[in-house]
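A.B. asks:
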Amino acid sequence: MGQPWHNNGLIHSRCASIESLANSGGGLRYDKHNLHGSAVSPLISAVFTPKKSLTIKTTHGKAFRFLNSAEYQSLLLASDEDFDEGFDEGFDDDFDEGFDEEFEVGGNSKKESVKVSELMLEYLPNENIKVIASLYKNSMRDSLGLDFKDQDTYGREFEVEWSVKNIGINSRITYAHQESEADYFFTDELPNAPRETYSLNLTQSLIGNKLTVGVSGKYVGARNTIVEGVIAPASTVVNANIVLRRLVPNLLLSLRCKDLLQDSPRDFESFGVALPEDQQGWRLEVEYVFR
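Residue numbering for the sequence shown follows this note's numbering, beginning at 908 and increasing consecutively.
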């Protein structure tokens, strides 16, 4: 995901055969809300294919989120000043009308908006390898119910997928880097947003695709938490699974192990308590399909 990419100059400098390889599209969505008013969400995209093995895609859009019913009721009760004033006035019609017009949602009377821009390149050097690289930027404004109203995320991702169909091997390696900032009274790094992540997936089909063995791993870098001065350490999670199918007609057996290294990342809540991962260990699944 990245900044908008304009290809008009490129297209006009090429011959007609190249122009036919460029496509673009877009759309609009209109919403109307009794608290936040109306909003228009645009989306535009373009795809350029200079040759069969190379595709360049770009997308830019904007979306809105309105307060849902549960958030509205929760924040209404949490707003002591307005709530007490309502009791004093007996929740008369004037108060109800004024509340709808002036009540601030989480200190914010605007709707939450997100802008997303992405630039992606997909390259297929041969039938067994796919390479994907992307740049992106996400910008959130006027976040509902949060102490920080604005946050920006910039990032890049790189992925290589390799498969050999005739022997049943599939693998995928992914690297992601992102930087996130939140605007409180000053600009600071967004909590619980690691800058670096790496992932690896490998599967092997055996015995005529009756048996599939898979291993996946993910490294999550160190990150700030919502607790001031507390840094969540980096961690590596490795999962394994064995799937046996067609041993008995319509029967599927799965043996899965989550977090072989017992190094799952931990989540920090507002009181600074580390919550351990509760899904570690082995699990056997049996599925039978009636036909």
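We treat Cβ as the ideally placed atom computed from N, Cα and C, and that holds for glycine. None of these values were measured; they are calculated from a predicted model.
For T1213, list the residues DSSP reports as bridge partners.
C.D. replies: Coverage of the chain is limited to positions 908 through 1198, which leaves residue 1213 absent and any answer about it impossible.
A.B. asks: Would you verify that the beta carbon of A953 is, or is not, closer than 8 Å to some beta carbon of chain D?
C.D. replies: This model lacks chain D altogether; it includes just one protein chain.
A.B. asks: At the level of alpha carbons, what is the spacing between S1046 and G968?
C.D. replies: Approximately 11 Å, taken between the alpha carbons.
A.B. asks: For K1072, which three-state DSSP category applies?
C.D. replies: Looking at K1072 - three-state DSSP - the assignment turns out to be helix.
A.B. asks: Pick from L1160, G1188, V1150 and L1026: whose alpha carbon is nearest that of L1168?
C.D. replies: That would be G1188, whose Cα lies nearest to the Cα of L1168.
A.B. asks: Do L935 and V947 come within 8 Å of each other at the CB atom, strictly closer than that value?
C.D. replies: In contact: V947 and L935 (Cβ atoms closer than 8 Å).
A.B. asks: Helix, strand or coil for A1147 per DSSP?
C.D. replies: Correct three-state label for A1147: strand.
A.B. asks: Among V1134, D1166 and G933, which residue has its Cα nearest to the Cα of S1123?
C.D. replies: Taking only the C-alpha atoms, the option nearest S1123 is D1166.
A.B. asks: Do the CB positions of A1083 and G1062 come within less than 8 Å of each other?
C.D. replies: A contact, by the Cβ cut-off of 8 Å.
A.B. asks: Taking the C-alpha atoms as reference points, what is the distance between F1065 and Y1043?
C.D. replies: When rounded, the distance between both Cα atoms is 12 Å.
A.B. asks: I need the boundaries of the beta strand (DSSP E) containing L935, first residue and last residue.
C.D. replies: Where L935 is concerned, the enclosing beta strand (DSSP E) stretches over A929 to H940.
A.B. asks: Which residue wins for smallest C-alpha separation from E1019, given the options S1050, E1192, I1036 and N975?
C.D. replies: Nearest of S1050, E1192, I1036 and N975 to E1019, Cα basis: S1050.
A.B. asks: Which one of K958, S945 and A970 has the shortest CA to CA distance from I951?
C.D. replies: Comparing Cα-Cα distances from I951 to each of K958, S945 and A970, the minimum goes to A970.
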